[in-house]
Amino acid sequence: MDFRYTAEEEAFRKEVKDFLDKELPPGFLGIDPGPEEESRPEIFDIAVKMWRKFGEKNWIGITWPKEVGGQGGTIWKEMILLQELAYRGSPGMDLAIAQAELITHFGTEEQKKRFVVPITKGEVKWAIGMSEPNAGTDTFAIQLKAVEEADGFVLNGQKIWTSGGHNAKWAMTYCRTDANKYMISVFIVDLKSPGITMRRIEQATGIPAFCEVFFDNVKVPKENLLGKKNGGAEILLFAFGAERTYGLFTIYNAKRYLEQLVQYAKEAKDADGVPVAKNPIARSRLAQLAIDIEVGMNMGHELNWMATKGMPTVKPSAQIKVHGGNLCQRLGNVGQQVLGLYGPLEEDSKWVKLGGRIRHTYISALSFTLAGGTTETSKNHIAGRFGLGLPKQH
Amino acid sequence: MDLALSEEQEMLWKSARDFLASKVPKTLVRQMEEDEKGYVPELWKEMADLGWIGLPFPELYGGGGFKFLDLVILLEEMGRACLPGPFLSTVVLGGMPVAEFGTEEQKKAILPKLCKGELIMTMALTEPSAKYEAKAVQVEAKAEGDHYIINGTKLFVNDANVADKMIVVARTAKKQHPEEGITLFLVDRKAPGVKIHLLKTIAGDKQCEVTFEKVKVAKADILGKVDHGWDIVKKVMEWAALAKSAEMQGGAQQVLEMTIQYGKDRVQFDRPIGSFQIIQHYMADMSIDVDSARVSLHKAAWMVSEGIPCRKEIAVIKGWLSEAYRRVTAQSHQIHGAIGFTKDHDLELYFRRAKAAELYFGDADFHREIVAQELGM
Chain A
0 MDFRYTAEEE
10 AFRKEVKDFL
20 DKELPPGFLG
30 IDPGPEEESR
40 PEIFDIAVKM
50 WRKFGEKNWI
60 GITWPKEVGG
70 QGGTIWKEMI
80 LLQELAYRGS
90 PGMDLAIAQA
100 ELITHFGTEE
110 QKKRFVVPIT
120 KGEVKWAIGM
130 SEPNAGTDTF
140 AIQLKAVEEA
150 DGFVLNGQKI
160 WTSGGHNAKW
170 AMTYCRTDAN
180 KYMISVFIVD
190 LKSPGITMRR
200 IEQATGIPAF
210 CEVFFDNVKV
220 PKENLLGKKN
230 GGAEILLFAF
240 GAERTYGLFT
250 IYNAKRYLEQ
260 LVQYAKEAKD
270 ADGVPVAKNP
280 IARSRLAQLA
290 IDIEVGMNMG
300 HELNWMATKG
310 MPTVKPSAQI
320 KVHGGNLCQR
330 LGNVGQQVLG
340 LYGPLEEDSK
350 WVKLGGRIRH
360 TYISALSFTL
370 AGGTTETSKN
380 HIAGRFGLGL
390 PKQH
Chain B
0 MDLALSEEQE
10 MLWKSARDFL
20 ASKVPKTLVR
30 QMEEDEKGYV
40 PELWKEMADL
50 GWIGLPFPEL
60 YGGGGFKFLD
70 LVILLEEMGR
80 ACLPGPFLST
90 VVLGGMPVAE
100 FGTEEQKKAI
110 LPKLCKGELI
120 MTMALTEPSA
130 KYEAKAVQVE
140 AKAEGDHYII
150 NGTKLFVNDA
160 NVADKMIVVA
170 RTAKKQHPEE
180 GITLFLVDRK
190 APGVKIHLLK
200 TIAGDKQCEV
210 TFEKVKVAKA
220 DILGKVDHGW
230 DIVKKVMEWA
240 ALAKSAEMQG
250 GAQQVLEMTI
260 QYGKDRVQFD
270 RPIGSFQIIQ
280 HYMADMSIDV
290 DSARVSLHKA
300 AWMVSEGIPC
310 RKEIAVIKGW
320 LSEAYRRVTA
330 QSHQIHGAIG
340 FTKDHDLELY
350 FRRAKAAELY
360 FGDADFHREI
370 VAQELGM
């Protein structure tokens with residue numbers, strides 16, 4: 000047993016840290032994981048720049064085969080990169096990564112060349128066309144129809160909660176191609192196609208990060224079908240099973256906030272001139288967050304190790320997602336408590352502390368138990384046949 | 000990074016599980032709760048013969064030369080089995096400080112017998128103020144010629160009723176900082192002036208009031224340096240918190256497994272109750288508590304084995320498990336319904352042990368404070 004990273008891995012971590020120090024604006028306070036904050040213009044500019052720079056460093060798809068533009072590197076190296084990005088709250092790492100994994104697994108050689116290689120260069124942004132107004136947790140209830148014609152497919156319907164759709168070139172779009180609920184197909188859709196319109200939706204955080212995407216006789220060439228027609232269920236299951244990073248993002252994100260809060264607590268003083276850090280209640284709550292984060296990081300180490308050993312990871316991925324989401328919500332609340340009356344101030348308000356980040360994450364964290372599969376779905380996975388082996392729910 | 004157990008560790012784990020499953024039925028566990036000694040001498044001897052009691056001690060003194068991580072693996076199985084007896088007290092509270100801080104004479108006099116199962120030990124630290132803090136050490140040891148005279152009352156002393164020898168934490172000087180002026184003394188239970196009274200506790204674990212009335216201790220029986228004993232106590236507290244966490248982890252794992260099985264077996268409304276979503280979600284929550292604790296426990300134990308300072312990591316796991324083990328047992332009771340609420344069922348053994356363990360060597364509040372210090376607050 001050895002919990003240490005190798006010297007080479009630690010050197011890579013330092014390389015990533017130094018890179019972020021150099022490339023991120025000075026005093027950058029960090030953003031929450033995901034494309035949501037890229038809907039703020041100043042963040043979008045940084046995101047586009049960073050995504051391209053990741054490509055230049057050959058850091059996109061570290062574990063992917065060299066033929067598609069990856070490094071053929073280790074899971075550890077990839078996880079170190081993602082940990083550091085989440086910890087710094089760096090924008091840039093695009094949803095494209097997860098889509099590239101699907102294409103690498105299910106795509107033709109031509110698709111890998113056409114889609115994955117540009118992703119590894121950090122040249123193109125992606126969105127996910129999955130949820131619909133009547134298909135949230137019940138993913139297979141999707142109704143966006145894809146009808147096969149001579150020269151391709153024609154899509155009609157809509158998607159919703161499409162994060163960053165307005166900034167993306169391609170969307171991995173899950174469509175109905177048969178009346179049977181589980182017969183769905185996955186298409187790579189050019190979001191500039193004729194017939195596509197978008198409506199921006201403002202999230203509770205105040206950022207218009209979501210889109211509603213309408214498809215009106217949108218033509219998609221046959222070459223953009225991923226995998227088999229009606230073979231989308233397998234792709235969906237693979238996507239969920241391979242999703243090991245969501246929990247990682249939330250936990251390392253929380254680590255940054257905690258450090259900012261601890262620093263604040265050391266500096267801010269109460270009416271008696273005593274640092275907030277000496278207040279027993281603040282100490283206890285911040286310490287508990289530190290414990291939750293440390294425990295979560297350890298879960299992450301075990302998950303990553305299991306992945307390197309080819310062990311099934313559905314249960315630990317789901318466990319860490321639940322833990323991470325809950326933790327971030329608690330953190331937002333504790334952060335508000337520690338900041339007191341300063342907690343709710345908006346980032347552009349006079350007197351705001353910590354750049355208003357606590358106000359943002361307090362609301363943003365609501366989505367961490369929803370996006371990428373709800374906590375309830377995760378708990379179903381933990382309990383079911385890929386986890387604790389409990390009998391099928393009725 | 001490699002989180003696999005070695006082949007040797009896998010063997011230790013499996014053999015411990017098998018041995019304890021066959022030798023420590025729950026009827027014995029319940030019997031020992033009422034028993035005055037709280038352990039079975041024959042079983043103690045068997046564990047000594049297996050090399051368990053000597054596991055972490057140098058082979059030079061009759062030990063196995065194993066590391067703390069190996070001890071933790073063993074302790075997990077002991078927690079799973081609810082093993083009664085003075086194992087943690089003897090090995091962690093008694094043997095380890097002697098091995099680490101004792102003189103050659105002390106080590107030679109104590110460790111070989113301890114490893115053979117012929118010497119039971121404990122540490123007498125807490126007092127009626129019921130705090131694991133230096134300023135709570137008020138029992139006095141006054142120098143008189145070539146002896147010290149100890150007076151006062153220690154409380155909540157584990158297994159003092161059966162310990163042959165105790166490490167008594169006493170105050171030898173009043174200095175400005177309470178951590179200074181504390182000295183550790185090796186005292187025989189049978190020494191004149193030592194009186195033991197067994198307390199009655201929730202888990203039937205043997206905690207004692209130990210009164211010292213003019214107890215004479217030779218200077219040669221001082222462990223470590225005069226007035227600098229608290230440094231040793233801090234180390235022992237870390238080891239003990241981690242050792243107790245290991246027992247808690249093993250117990251929590253067993254409770255989770257029991258609960259999953261119950262979910263599969265118990266039928267109501269024509270279906271196993273484990274097919275109801277809320278029951279599945281309760282168990283998902285429990286599994287997060289248990290699985291996260293295991294890897295965090297192993298990390299801290301590995302760090303101790305490697306000699307890497309890990310005050311924070313130990314506080315993290317004891318702080319986590321102090322609440323997680325309680326949550327797991329309480330949730331399990333909710334799932335088990337009435338049958339779990341009886342003494343006919345094993346579950347309540349774990350529920351009571353979870354509470355006792357929560358309080359040993361610092362509860363969650365205590366360890367959160369350590370984490371706060373480690374964060375620089």
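As given, the protein sequences belong to chains A and B, one line each in that order. Numbering that gives the first Met the number 0 puts the first sequence at residues 0 to 393. Numbering that gives the first Met the number 0 puts the second sequence at residues 0 to 376. Ideal placement from N, C-alpha and C gives every residue a C-beta, glycine not left out.
Determine the DSSP secondary structure at CYS114/B, reduced to helix, strand or coil. CYS114/B carries a helical assignment under DSSP once its states are collapsed to helix, strand and coil.
Can you tell me which of the three DSSP states VAL225/B falls into? VAL225/B: coil per DSSP, three-state reduction.
Distance cutoff 9 angstroms, beta carbons only. Does LYS308/A sit that close to anything in chain B? True, the Cβ-Cβ gap to chain B drops below 9 angstroms.
With distances taken from CA atoms, which of GLY60/A, GLU148/A, THR161/A is nearest ALA134/A? Ranking the options by Cα distance to ALA134/A, first place goes to THR161/A.
Cβ neighbours of ASP347/A in the same chain (closer than 8 angstroms, five flanking residues each side left out): Here the set comprises GLY355.
Using beta-carbon positions only, say whether VAL395/A and ASN155/A come within less than 9 angstroms of one another. Nothing about residue 395/A can be read from this structure; chain A reaches only from 0 to 393.
Would you say ILE381/A lies against chain C (beta-carbon separation less than 9 angstroms)? No chain C appears in the structure shown, which is made up of the protein chains A and B.
Between the C-alpha atoms of ASP177/A and LEU225/A, what's the straight-line distance to the nearest angstrom? Rounded to the nearest whole angstrom, the CA to CA distance from ASP177/A to LEU225/A is 16 angstroms.
From which residue to which residue does the beta strand (DSSP E) around GLU211/A run? That run of the beta strand (DSSP E) goes 209–220.
At least 3 beta-carbon pairs within less than 8 angstroms: the region 295–315 of chain A vs the region 290–301 of chain B: These segments touch.
In the DSSP assignment, find the beta strand (DSSP E) that holds ARG170/B and state where it starts and stops. Run containing ARG170/B: 164–170, per the beta strand (DSSP E) assignment.
Note the first and the last residue of the continuous beta strand (DSSP E) segment covering HIS196/B. That run of the beta strand (DSSP E) goes 193–197.
Closest by CA to ASP226/B, which one among GLU208/B, GLU179/B, PRO271/B? That would be GLU179/B, whose Cα lies nearest to the Cα of ASP226/B.
Any beta carbon from chain B within less than 9 angstroms of ASN303/A's own beta carbon? So yes, ASN303/A belongs to the interface.
Beta carbon of PRO83/B, beta carbon of ASP17/B: below 9 angstroms? It is not a contact, given that the beta carbons lie outside the stated cut-off.
For the 8 angstroms Cβ check, are there 3 or more pairs between the region 17–33 of chain A and the region 73–90 of chain A? The region 17–33 of chain A vs the region 73–90 of chain A: in contact.
For GLU139/B: DSSP bridge partner residues: The bridge partners DSSP lists for GLU139/B are ASN150/B, ARG170/B.
Contact with chain B by GLU293/A, beta-carbon distance below 9 angstroms: Yes, because at least one Cβ of chain B sits closer than 9 angstroms to the Cβ of GLU293/A.
Less than 6 angstroms between C-beta atoms, sequence neighbours within five positions excluded: which residues of the same chain meet that for THR172/A? Counting only residues of its own chain and dropping the five nearest sequence neighbours on each side, THR172/A has a CB closer than 6 angstroms to the CB of GLY128, PHE186, VAL188.
Can you list, in chain order, the residues of its chain whose CB lies under 6 angstroms from that of ALA15/B, leaving out five sequence neighbours each side? Once the five neighbours on either side are set aside, the close Cβ partners of ALA15/B are LEU73, GLU76.
By the three-class DSSP mapping on this structure, what secondary structure does PHE2/A have? DSSP places PHE2/A in the coil class of the three-state scheme, outside both helix and strand.
Hey, how far is the Cα of ARG270/B from the Cα of LYS391/A? Taking the straight line joining both Cα atoms gives about 10 angstroms.
Which of the three DSSP states is assigned to ARG198/A in this structure? Collapsing the DSSP output to three states places ARG198/A in a strand.
My output table needs one value for GLU35/B: the three-state DSSP class, helix, strand or coil. If DSSP states are grouped into helix, strand and coil, GLU35/B belongs with coil.
Cβ pair VAL321/A, LYS378/A closer than 9 angstroms: LYS378/A is positioned such that its CB atom lies closer than 9 angstroms to that of VAL321/A.
Quick one: which chain B residues come within Cβ less than 7 angstroms of PHE2/A? Under the 7 angstroms cutoff, chain B gives MET0, LYS298, TRP301.
For the candidate residues VAL337/A, ARG282/A, VAL294/A, TYR256/A, whose alpha-carbon lies nearest to that of VAL315/B? Closest by alpha carbon: VAL294/A.
Going along the chain, which residues of its own chain have a beta-carbon closer than 8 angstroms to the beta-carbon of ALA145/A, five neighbours each way excluded? Shown here for ALA145/A: same chain residues with a beta carbon closer than 8 angstroms to its own, the five before and five after excluded, namely PHE152, VAL153, LEU154, CYS174, ARG175, THR176, SER184, PHE186, VAL219 in chain order.
Interface residues of chain B around HIS300/A at Cβ under 9 angstroms? HIS300/A reaches chain B at MET0, LEU2, VAL294, LYS298, counting residues in chain order whose Cβ is nearer than 9 angstroms.
Can you give me the C-alpha to C-alpha distance between GLN328/A and ALA364/A, rounded to a whole angstrom? Our two residues, GLN328/A and ALA364/A, have alpha carbons roughly 5 angstroms apart in a direct line.
Start-to-end residues for the beta strand (DSSP E) that takes in ARG175/A: Start and end: 169–175.
First through last residue of the beta strand (DSSP E) which encompasses LYS308/A: It is not in any beta strand (DSSP E) - LYS308/A carries neither H nor E in the DSSP assignment.
Under three-state DSSP, which class holds ILE181/B? Of the three classes helix, strand and coil, the one that applies to ILE181/B here is strand, per DSSP.
Decide if ARG199/A is buried, meaning its Cβ has at least 16 other Cβ atoms within 10 Å, or exposed. Classified as exposed, ARG199/A has fewer than 16 neighbouring CB atoms from the shown chains inside 10 Å of its CB.
In the DSSP assignment, the beta strand (DSSP E) including ASP189/A goes from what residue to what residue? Judged by DSSP secondary structure, ASP189/A falls within the beta strand (DSSP E) whose first and last residues are 183–189.
In this structure, does DSSP put PHE18/A in helix, strand or coil? Here PHE18/A sits in helix by DSSP.
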